[in-house]
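A.B. asks: One point on numbering: in UniProt numbering, the residue at position 140 of the sequence shown is 140, and numbering is uninterrupted.
Even for Gly, the Cβ is constructed at its ideal location relative to N, Cα and C.
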Amino acid sequence: MRKQTAMNRDWIATARTLSEALPYLQRYTGAIVVIKFGGHAMGDDKEMESFARDVVLMRQVGVNPVVVHGGGPMINEMLARLGVQSEFVRGKRVTDAATVEVVEMVLSGRVNKRIVQAINDQGGRAVGLSGKDGGLMICDQTDASLGYVGTPSEVNPRVLHSLFDAGMIPVVAPIGAGREGETFNVNGDTAAGAIAAALKADRLLLLTDVAGVKDAGGEVVTELTPDHIRALTEEGVIAGGMIPKTETALAAIEGGVRAVVILDGRAPNACLLELFTDHGAGSLIRAPRQTG
């Protein structure tokens with residue numbers, strides 16, 4: 001028999017939060033949400049555990065999440081350990097034949113399976129794959145001077161739909177296949193955007209190490225349109241590492257994604273805050289005259 005205890009303010013707040021989340025839970029039932037996971041959270045066991053729990057909860061309430069991950073620091077670590085020397089062109093690493101072998105080993109192996117295990121440890125049913133599996137992502141070479149770096153040109157999401165139907169959570173390493181059997185390293189944000197567009201996802205969540213897109217005064221802008229993004233970029237307000245993220249967001253929206261959110265992956269339960277509360281957790285980008 002349960003012991004009777006006095007009501008605790010925290011318990012009441014938790015119950016209220018769950019009750020207030022109901023319309024959002026109903027709103028996202030059956031929705032596809034693609035999450036680009038990377039940055040600081042990937043290297044921290046506690047944050048990995050928290051992220052995995054959030055993904056499992058999303059699936060439990062009827063969302064179809066897809067996790068697309070990066071792994072740059074782990075690649076750098078393994079290249080150094082194996083003594084593989086890298087060349088750089090215009091500040092970008094040249095991915096030669098030796099490097100792409102290491103990239104595939106780290107991303108499709110160590111990093112991918114760590115995320116899969118974290119999700120499974122929280123009671124989910126995750127399956128790890130790369131863009132080479134099931135013809136998911138066919139790539140063309142991005143720039144000959146950069147070697148085996150690819151840009152997705154064809155994305156076939158049927159394998160992901162099959163996993164959704166089976167109650168699975170896909171975890172995708174950003175490795176693509178070339179038309180001649182090559183292996184290509186794909187930027188994680190780019191891969192996530194291409195996959196989200198092919199799925200016509202309801203949301204693409206780009207987890208970063210910053211709070212979102214900031215205006216000229218340094219304040220996070222909670223909602224933007226593509227035209228607003230272009231204007232801020234032309235003014236130099238959006239600069240540096242935020243440019244490729246906003247470019248990914250614009251391409252995804254153009255490809256049919258309903259909205260993209262750039263949010264701080266270091267914030268506790270960032271994905272849940274964004275999807276299931278009034279507050280949101282970053283900068284939402286969508287075309288005008290849309291709701292939701």
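1. Report buried or exposed for residue 263, applying the criterion of at least 16 other Cβ atoms within 10 angstroms of its Cβ.
2. Please state the DSSP three-state secondary structure of residue 136.
3. Look up residue 189 in the DSSP assignment and say whether it is helix, strand or coil.
4. Please determine, among 73, 71, 74 and 55, the residue with the shortest C-alpha to C-alpha distance to residue 65.
5. Output yes or no for whether 8 angstroms exceeds the beta carbon distance between residue 186 and residue 139.
6. Work out the CA separation of residue 274 and residue 170 for me, nearest whole Å.
7. Sort 177, 202 and 107 by Cα distance to residue 141 and report the nearest one.
8. Rounded to the nearest angstrom, how far is the Cβ of residue 157 from that of residue 195, given a contact under 8 angstroms?
9. From the DSSP output, in three-state form, read off residue 195 for me.
10. Is the beta carbon of residue 173 less than 8 angstroms from the beta carbon of residue 130?
11. Taking the C-alpha atoms as reference points, what is the distance between residue 79 and residue 117?
12. In the structure shown, what three-state DSSP assignment does residue 154 receive?
13. Return the residue from the list 24, 212, 215 and 160 that minimises the CA-CA distance to residue 62.
14. Skipping 5 residues on each side, what residues in its chain have a beta carbon closer than 6 angstroms to that of residue 285?
15. Is residue 188 near residue 38, with beta carbons less than 8 angstroms apart?
16. Using CA coordinates, which residue listed in 31, 26 and 89 is at the minimum distance from residue 165?
17. For residue 10, does the count of other Cβ atoms within 10 angstroms reach 16, so buried, or fall short, so exposed?
18. Anyone know if the C-beta pair for residue 120 and residue 69 falls short of 8 angstroms?
19. To the nearest whole angstrom, what separates the beta carbons of residue 198 and residue 155, a pair I think is in contact under 8 angstroms?
C.D. replies: A quick look at the data gives this:
1. Counting Cβ neighbours within 10 Å, residue 263 comes out buried, since at least 16 surround it.
2. The answer is coil: DSSP assigns residue 136 none of H, G, I, E or B.
3. DSSP places residue 189 within a helical segment (H, G or I) once states are collapsed to three.
4. Answer by Cα proximity: 55.
5. Going by C-beta atoms, residue 186 is nearer than 8 angstroms to residue 139.
6. Those two C-alpha atoms are separated by around 20 angstroms.
7. For residue 141, the nearest C-alpha among the options comes from 177.
8. Residue 157 to residue 195, Cβ: 7 angstroms. Contact.
9. Under the three-state reduction of DSSP, residue 195 is assigned to helix.
10. Closer than 8 angstroms, so yes.
11. Their Cα atoms are separated by approximately 24 angstroms.
12. Of the three classes helix, strand and coil, the one that applies to residue 154 here is strand, per DSSP.
13. The candidate whose alpha carbon is nearest that of residue 62 is 24.
14. These residues qualify, in order along the chain: 224, 249 and 260.
15. A contact, by the Cβ cut-off of 8 angstroms.
16. For the residues 31, 26 and 89, the minimum Cα distance to residue 165 belongs to 31.
17. Exposed, since its Cβ has fewer than 16 Cβ neighbours within 10 Å.
18. For residue 120 and residue 69, no; Cβs fall outside 8 angstroms.
19. Indeed, because the Cβ distance is near 4 angstroms, the residues count as touching under 8 angstroms.
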